[in-house]
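Chemist: Residue numbers (the working numbering): 1022 to 1241.
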Amino acid sequence: MKKLLLLLTLMAFTACGGQKKIVVDSLTYEKNGDNYSYKIEIPQIKGIRNKEIEELNVELSELADSTIESMVNGLEGSPAEYIESYQTFENDFGITSILLETYSIGENDANGIQASESINIKNSDGSFVTFDSFFKEGAREYIVNQIENIINKTSGKIVLNSNGEEVAFFEDVEINLNDSAMYFEGNDICFKFDMYELAPHSEGQPIIRFPKEELKEFIR
1022 MKKLLLLLTL MAFTACGGQK KIVVDSLTYE KNGDNYSYKI EIPQIKGIRN KEIEELNVEL
1082 SELADSTIES MVNGLEGSPA EYIESYQTFE NDFGITSILL ETYSIGENDA NGIQASESIN
1142 IKNSDGSFVT FDSFFKEGAR EYIVNQIENI INKTSGKIVL NSNGEEVAFF EDVEINLNDS
1202 AMYFEGNDIC FKFDMYELAP HSEGQPIIRF PKEELKEFIR
(Lines of atoms letter the chains of each structure in order from A and count residues from 1; the text may use other names and numbers.)
(Lines give C-alpha, C1' and ligand atoms only; values in the text may rest on other atoms or scores of the structure.)
Protein backbone atom coordinates (compact mmCIF):
# COMPACT_ATOMS: atom_id res chain seq x y z
CA MET A 1 0.00 0.00 0.00
CA LYS A 2 1.36 3.39 -0.98
CA LYS A 3 2.23 5.89 1.68
CA LEU A 4 -0.84 7.43 3.25
CA LEU A 5 -1.24 10.88 4.66
CA LEU A 6 -1.52 10.74 8.43
CA LEU A 7 -2.90 13.74 10.26
CA LEU A 8 -3.27 13.93 14.00
CA THR A 9 -5.75 16.48 15.24
CA LEU A 10 -6.11 16.69 18.97
CA MET A 11 -9.49 17.49 20.47
CA ALA A 12 -9.81 17.25 24.23
CA PHE A 13 -13.05 17.01 26.11
CA THR A 14 -12.62 17.75 29.79
CA ALA A 15 -15.56 17.92 32.15
CA CYS A 16 -15.70 19.30 35.66
CA GLY A 17 -16.23 17.29 38.80
CA GLY A 18 -13.43 14.79 38.37
CA GLN A 19 -14.70 13.29 35.13
CA LYS A 20 -12.41 11.42 32.78
CA LYS A 21 -10.42 13.31 30.18
CA ILE A 22 -11.41 11.69 26.92
CA VAL A 23 -9.31 12.68 23.93
CA VAL A 24 -10.34 12.11 20.32
CA ASP A 25 -7.50 11.91 17.79
CA SER A 26 -8.06 11.98 14.03
CA LEU A 27 -6.48 9.36 11.78
CA THR A 28 -6.77 10.44 8.13
CA TYR A 29 -6.09 8.61 4.86
CA GLU A 30 -6.40 10.39 1.51
CA LYS A 31 -5.59 9.52 -2.09
CA ASN A 32 -6.79 10.21 -5.63
CA GLY A 33 -6.07 7.22 -7.86
CA ASP A 34 -6.78 6.69 -11.56
CA ASN A 35 -10.13 4.99 -10.95
CA TYR A 36 -10.88 5.81 -7.34
CA SER A 37 -10.57 8.46 -4.67
CA TYR A 38 -10.94 8.33 -0.93
CA LYS A 39 -10.68 10.63 2.03
CA ILE A 40 -11.15 8.85 5.32
CA GLU A 41 -10.99 10.53 8.71
CA ILE A 42 -11.70 8.24 11.64
CA PRO A 43 -11.67 8.89 15.39
CA GLN A 44 -9.21 7.23 17.73
CA ILE A 45 -10.40 7.53 21.31
CA LYS A 46 -7.71 8.03 23.93
CA GLY A 47 -7.29 9.16 27.52
CA ILE A 48 -9.07 6.27 29.19
CA ARG A 49 -8.19 2.63 29.82
CA ASN A 50 -11.03 0.58 28.47
CA LYS A 51 -10.58 -2.66 26.54
CA GLU A 52 -13.78 -2.16 24.55
CA ILE A 53 -12.67 1.30 23.43
CA GLU A 54 -9.24 -0.05 22.48
CA GLU A 55 -10.93 -2.76 20.42
CA LEU A 56 -13.17 -0.15 18.77
CA ASN A 57 -10.13 1.91 17.78
CA VAL A 58 -8.59 -1.15 16.12
CA GLU A 59 -11.87 -2.03 14.40
CA LEU A 60 -12.27 1.47 12.94
CA SER A 61 -8.70 1.40 11.64
CA GLU A 62 -9.09 -2.08 10.15
CA LEU A 63 -12.35 -1.12 8.44
CA ALA A 64 -10.61 1.87 6.84
CA ASP A 65 -7.75 -0.36 5.67
CA SER A 66 -10.22 -2.88 4.24
CA THR A 67 -12.14 -0.20 2.36
CA ILE A 68 -8.95 1.23 0.89
CA GLU A 69 -7.68 -2.21 -0.13
CA SER A 70 -10.92 -3.07 -1.93
CA MET A 71 -10.88 0.24 -3.82
CA VAL A 72 -7.21 -0.02 -4.80
CA ASN A 73 -7.73 -3.57 -6.07
CA GLY A 74 -10.98 -2.68 -7.84
CA LEU A 75 -12.98 -5.39 -6.09
CA GLU A 76 -16.58 -5.87 -7.14
CA GLY A 77 -18.93 -3.66 -5.14
CA SER A 78 -16.24 -1.25 -3.99
CA PRO A 79 -17.03 2.46 -4.47
CA ALA A 80 -15.29 4.73 -6.95
CA GLU A 81 -15.41 7.57 -4.44
CA TYR A 82 -15.55 7.21 -0.67
CA ILE A 83 -15.56 9.89 2.00
CA GLU A 84 -15.69 9.21 5.73
CA SER A 85 -15.56 11.83 8.46
CA TYR A 86 -16.76 12.47 11.99
CA GLN A 87 -17.99 15.27 14.22
CA THR A 88 -17.91 15.73 17.97
CA PHE A 89 -20.45 17.78 19.89
CA GLU A 90 -20.38 19.89 23.03
CA ASN A 91 -23.36 18.87 25.15
CA ASP A 92 -24.97 19.10 28.58
CA PHE A 93 -25.12 15.35 29.23
CA GLY A 94 -21.55 14.59 30.32
CA ILE A 95 -21.09 12.45 27.23
CA THR A 96 -18.42 12.42 24.54
CA SER A 97 -20.63 12.15 21.46
CA ILE A 98 -19.13 11.24 18.08
CA LEU A 99 -21.11 11.14 14.83
CA LEU A 100 -19.50 9.10 12.03
CA GLU A 101 -20.63 9.96 8.51
CA THR A 102 -19.91 8.27 5.18
CA TYR A 103 -20.55 9.07 1.53
CA SER A 104 -19.97 6.56 -1.25
CA ILE A 105 -20.76 6.32 -4.94
CA GLY A 106 -20.02 3.60 -7.48
CA GLU A 107 -18.51 4.24 -10.90
CA ASN A 108 -21.85 3.87 -12.71
CA ASP A 109 -24.16 5.07 -9.94
CA ALA A 110 -26.39 8.08 -10.51
CA ASN A 111 -26.58 9.00 -6.83
CA GLY A 112 -24.27 8.63 -3.88
CA ILE A 113 -25.31 7.22 -0.54
CA GLN A 114 -24.84 8.94 2.82
CA ALA A 115 -24.99 7.03 6.10
CA SER A 116 -24.33 7.79 9.77
CA GLU A 117 -23.39 5.95 12.95
CA SER A 118 -22.65 7.26 16.42
CA ILE A 119 -20.34 6.52 19.32
CA ASN A 120 -21.33 7.84 22.75
CA ILE A 121 -19.11 7.51 25.82
CA LYS A 122 -19.91 8.53 29.38
CA ASN A 123 -17.23 10.94 30.59
CA SER A 124 -17.54 9.83 34.22
CA ASP A 125 -16.45 6.21 33.73
CA GLY A 126 -15.66 5.69 30.03
CA SER A 127 -18.56 3.30 29.43
CA PHE A 128 -20.47 3.22 26.17
CA VAL A 129 -23.87 4.93 26.12
CA THR A 130 -26.63 3.15 24.20
CA PHE A 131 -30.32 3.90 23.85
CA ASP A 132 -31.24 1.29 26.44
CA SER A 133 -28.53 2.30 28.92
CA PHE A 134 -29.51 5.97 28.68
CA PHE A 135 -33.31 5.71 28.63
CA LYS A 136 -35.85 4.03 30.88
CA GLU A 137 -38.67 1.79 29.71
CA GLY A 138 -41.29 3.64 27.69
CA ALA A 139 -38.87 6.03 25.98
CA ARG A 140 -38.80 4.15 22.68
CA GLU A 141 -42.58 4.13 22.36
CA TYR A 142 -42.83 7.83 23.24
CA ILE A 143 -40.14 8.91 20.77
CA VAL A 144 -41.57 6.81 17.93
CA ASN A 145 -45.01 8.28 18.60
CA GLN A 146 -43.63 11.82 18.49
CA ILE A 147 -41.83 11.12 15.21
CA GLU A 148 -45.07 9.73 13.76
CA ASN A 149 -46.79 12.98 14.75
CA ILE A 150 -44.03 14.97 13.03
CA ILE A 151 -44.39 12.94 9.83
CA ASN A 152 -48.19 13.31 9.94
CA LYS A 153 -47.78 17.06 10.57
CA THR A 154 -49.78 16.99 13.79
CA SER A 155 -46.98 18.05 16.14
CA GLY A 156 -46.18 21.53 14.84
CA LYS A 157 -42.48 20.64 14.66
CA ILE A 158 -40.41 21.21 11.53
CA VAL A 159 -37.57 18.77 10.89
CA LEU A 160 -34.46 19.73 8.94
CA ASN A 161 -32.11 17.44 7.07
CA SER A 162 -28.31 17.50 7.21
CA ASN A 163 -28.36 20.35 4.66
CA GLY A 164 -30.54 22.51 6.89
CA GLU A 165 -33.61 22.13 4.67
CA GLU A 166 -37.14 21.14 5.73
CA VAL A 167 -37.79 17.45 5.14
CA ALA A 168 -40.69 16.10 3.07
CA PHE A 169 -41.29 12.66 4.59
CA PHE A 170 -42.71 9.51 3.06
CA GLU A 171 -46.44 9.32 3.78
CA ASP A 172 -46.41 5.75 5.08
CA VAL A 173 -43.23 4.69 6.83
CA GLU A 174 -42.25 2.30 9.60
CA ILE A 175 -40.06 4.01 12.21
CA ASN A 176 -37.20 2.00 13.65
CA LEU A 177 -34.94 3.92 16.02
CA ASN A 178 -32.27 1.27 15.51
CA ASP A 179 -31.89 2.68 11.98
CA SER A 180 -30.86 6.06 13.35
CA ALA A 181 -27.66 7.44 14.83
CA MET A 182 -28.33 8.83 18.32
CA TYR A 183 -26.03 11.64 19.42
CA PHE A 184 -26.01 14.47 21.94
CA GLU A 185 -25.62 18.12 20.95
CA GLY A 186 -26.07 21.03 23.35
CA ASN A 187 -29.26 20.34 25.29
CA ASP A 188 -30.70 18.05 22.61
CA ILE A 189 -30.86 14.31 22.08
CA CYS A 190 -30.67 13.85 18.30
CA PHE A 191 -31.65 11.02 15.98
CA LYS A 192 -30.17 11.14 12.48
CA PHE A 193 -31.77 8.75 10.00
CA ASP A 194 -30.09 7.38 6.89
CA MET A 195 -31.33 8.09 3.38
CA TYR A 196 -34.54 6.30 2.38
CA GLU A 197 -35.46 5.40 5.98
CA LEU A 198 -38.02 8.19 6.41
CA ALA A 199 -37.78 10.24 3.22
CA PRO A 200 -36.70 10.11 -0.44
CA HIS A 201 -33.05 10.41 -1.48
CA SER A 202 -33.55 14.05 -2.42
CA GLU A 203 -34.43 14.89 1.20
CA GLY A 204 -31.06 13.78 2.56
CA GLN A 205 -30.79 12.57 6.15
CA PRO A 206 -33.49 13.84 8.54
CA ILE A 207 -32.31 14.93 11.99
CA ILE A 208 -34.98 14.80 14.70
CA ARG A 209 -34.15 16.60 17.93
CA PHE A 210 -35.66 16.27 21.38
CA PRO A 211 -34.70 18.73 24.14
CA LYS A 212 -33.62 17.18 27.42
CA GLU A 213 -36.61 18.73 29.18
CA GLU A 214 -39.07 16.87 26.95
CA LEU A 215 -37.51 13.46 27.63
CA LYS A 216 -36.32 13.98 31.22
CA GLU A 217 -38.86 11.53 32.70
CA PHE A 218 -37.34 8.77 30.55
CA ILE A 219 -33.67 9.50 31.28
CA ARG A 220 -31.97 7.17 33.76
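Just so you know, even glycine gets a beta-carbon here, dropped at the ideal spot from N, CA and C.
Straight-line CA distance for E1122 to I1210?
Modeler: Rounded to the nearest angstrom, the two C-alpha atoms are 18 Å apart.
Chemist: Starting from the N-terminal side, write out each stretch of the beta strand (DSSP E) that is 3 residues or longer and does not extend beyond the region 1177-1234.
Modeler: Complete beta strand (DSSP E) runs here, min 3: 1201-1206, 1209-1214, 1227-1232.
Chemist: According to the neighbour-count rule (16 or more other Cβ atoms, all chains shown, within 10 Å of its Cβ), is K1024 buried or exposed?
Modeler: Because K1024 carries a pLDDT of 36, less than 50, the predicted location of this residue cannot be relied on, and no value is offered for it.
Chemist: DSSP three-state call for A1085: helix, strand or coil?
Modeler: Three-state DSSP puts A1085 in a helix.
Chemist: Using the DSSP secondary-structure output, state which residues sit across from S1148 in a beta bridge.
Modeler: Paired residue(s): none; S1148 is not in a bridge.
Chemist: To the nearest angstrom, report how far apart I1134 and A1202 are at their CA atoms.
Modeler: I1134 and A1202: Cα-Cα distance of roughly 16 Å.
Chemist: Would you kindly report the start and end of the unbroken alpha helix (DSSP H) that includes N1170?
Modeler: 1160-1172 is the span of the alpha helix (DSSP H), which, as asked, contains N1170.
Chemist: Is it the case that the region 1104-1111 contacts the region 1164-1184, given that we only count it when at least three CB pairs across the two stretches are under 8 Å?
Modeler: Not touching, per the Cβ criterion.
Chemist: Can you tell me the Cα-Cα spacing of D1055 and V1093, whole angstroms?
Modeler: Using only the alpha carbons, I get a separation of about 10 Å.
Chemist: Whose C-alpha, out of R1241, K1213, P1221, L1219, is nearest the C-alpha of F1231?
Modeler: Checked all of R1241, K1213, P1221, L1219; the closest Cα to F1231 is K1213.
Chemist: Using 8 Å as the Cβ pair cut-off and three pairs as the minimum, do the region 1078-1096 and the region 1172-1191 touch?
Modeler: The answer is no - the region 1172-1191 does not touch the region 1078-1096, with fewer than three Cβ pairs under 8 Å.
Chemist: Give a yes or no on whether the C-beta atoms belonging to Q1207 and E1111 are separated by under 8 Å.
Modeler: It is worth fixing the name first, because residue 1207 is Gly in this sequence and not Gln. It is a contact, given that the beta carbons lie within the stated cut-off.
Chemist: Distance cutoff 8 Å, beta carbons only. Does G1185 sit that close to anything in chain D?
Modeler: Of the protein chains in this structure there is only one, and it is not chain D.
Chemist: Under 8 Å: do the region 1222-1237 and the region 1141-1148 share three or more Cβ pairs, one atom per stretch?
Modeler: The answer is no - the region 1141-1148 does not touch the region 1222-1237, with fewer than three Cβ pairs under 8 Å.
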